[in-house]
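Notes follow the structure.
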Amino acid sequence: MSTLHLPPELSQELQAIYTAMATGYAHVAEVIGLTCDNCPDNCCDSYFLHYTYCEWAYLWQGLHELDPKKLEQIRMQARHYLAASQRDLAKNKRPQIMCPLNETGRCLLYSHRLMICRCHGVPATLTSPNGRRQRFPGCSRCQEIVLQRYAPAELAPAMDRTELYQRLVQVEQRFLGAARPLYPKIRLTIAEMIAQGPPQHRH
Ligand code: SF4
Ligand code: SF4
Numbered sequence: 090m091s092t093l094h095l096p097p098e099l100s101q102e103l104q105a106i107y108t109a110m111a112t113g114y115a116h117v118a119e120v121i122g123l124t125c126d127n128c129p130d131n132c133c134d135s136y137f138l139h140y141t142y143c144e145w146a147y148l149w150q151g152l153h154e155l156d157p158k159k160l161e162q163i164r165m166q167a168r169h170y171l172a173a174s175q176r177d178l179a180k181n182k183r184p185q186i187m188c189p190l191n192e193t194g195r196c197l198l199y200s201h202r203l204m205i206c207r208c209h210g211v212p213a214t215l216t217s218p219n220g221r222r223q224r225f226p227g228c229s230r231c232q233e234i235v236l237q238r239y240a241p242a243e244l245a246p247a248m249d250r251t252e253l254y255q256r257l258v259q260v261e262q263r264f265l266g267a268a269r270p271l272y273p274k275i276r277l278t279i280a281e282m283i284a285q286g287p288p289q290h291r292h
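Residue numbers (this note's numbering): 90 to 292.
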């Protein structure tokens, strides 16, 4: 097997999606009055799962740019994360363990972090292809602000993730191409994406 590399045009499209997401996020955060400044929480210990090979490959683009010693240290932390999260999951406990890419509160791969890392915080909506509409309330700090300022909470502005997710799906389709059926669906933490190494071709 060989490593799946994200072609430059798909890296650029992913960056464009991330930029659009940052703009949408900033707008909603400003209207609501949400900022991460001095927040007692650090969301990087949340148990988030990620679903796309293209973002996995893009994460590894960033990891490959790190100093090899740093990368080895991160991979070791990822393996510790995996062992600890498996212990928690075996006890039916949702893991709350710091992401191996977080160093003293800061993301070491900020420009390569994944979509879910970027959109967590503000309220959001998502309309599925079958027409089902979901609304996400945002992080704990956001929910406190919304509770004080909006009644009902659904009146608070929300970032619509639908178009961004559609664009992400298109990048994934172009990335895997006709071989897409050969790639099993993934539900991976960032620690798993690091510990497993970059995604591999399947023939
Ligand atoms: S996303 Fe919300 S909970 Fe997380 S650090 Fe920012 S303000 Fe705090
Ligand atoms: S990739 Fe970065 S932003 Fe995402 S959880 Fe890890 S440290 Fe936090």
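The C-beta atom is built at its ideal place from N, Cα and C for all residues, glycine as well.
With respect to the alpha helix (DSSP H) encompassing residue i, which residues constitute its N-terminal and C-terminal limits?
i           : result
residue 257 : 251 to 265
residue 114 : 97 to 121
residue 230 : 229 to 238
residue 204 : 204 to 208
residue 283 : 279 to 284
Considering only the alpha carbon of each residue, which of the options lies closest to residue i?
i           : options            : result
residue 199 : 237, 225, 149, 116 : 149
residue 114 : 291, 284, 270, 212 : 212
residue 228 : 103, 122, 101      : 122
residue 257 : 100, 91, 237       : 100
Which residues bound the beta strand (DSSP E) around residue i?
i           : result
residue 215 : 213 to 216
residue 222 : 222 to 225
Return the chain-ordered list of same chain residues with a C-beta closer than 8 Å to the C-beta of residue i, the five sequence neighbours on each side being excluded.
i           : result
residue 207 : 107, 110, 111, 114
residue 183 : 136, 177
Looking only at its own chain, which residues have a Cβ that is under 6 Å from the Cβ of residue i, when we skip the five neighbours before and after it?
i           : result
residue 203 : 139, 144
Apart from the five residues on each side of it in sequence, which residues of its chain come closer than 7 Å, Cβ to Cβ, to residue i?
i           : result
residue 290 : 90, 91, 93
residue 164 : 283, 284
#### Entry: Contained alpha helix (DSSP H) runs [length at least 4] in the segment 135 to 162, N- to C-terminal order
The alpha helix (DSSP H) runs of length 4 or more contained entirely in the segment 135 to 162 are, from start to end of the chain, 142 to 153.
### Task
With ligand 1 as the reference, list in chain order each residue whose Cβ lies under 5 Å from any of its heavy atoms.
Proximity to ligand 1 was defined by a C-beta distance below 5 Å to any of its heavy atoms, and the residues meeting it, in sequence along the chain, are 125, 128, 130, 132, 210, 228, 230.
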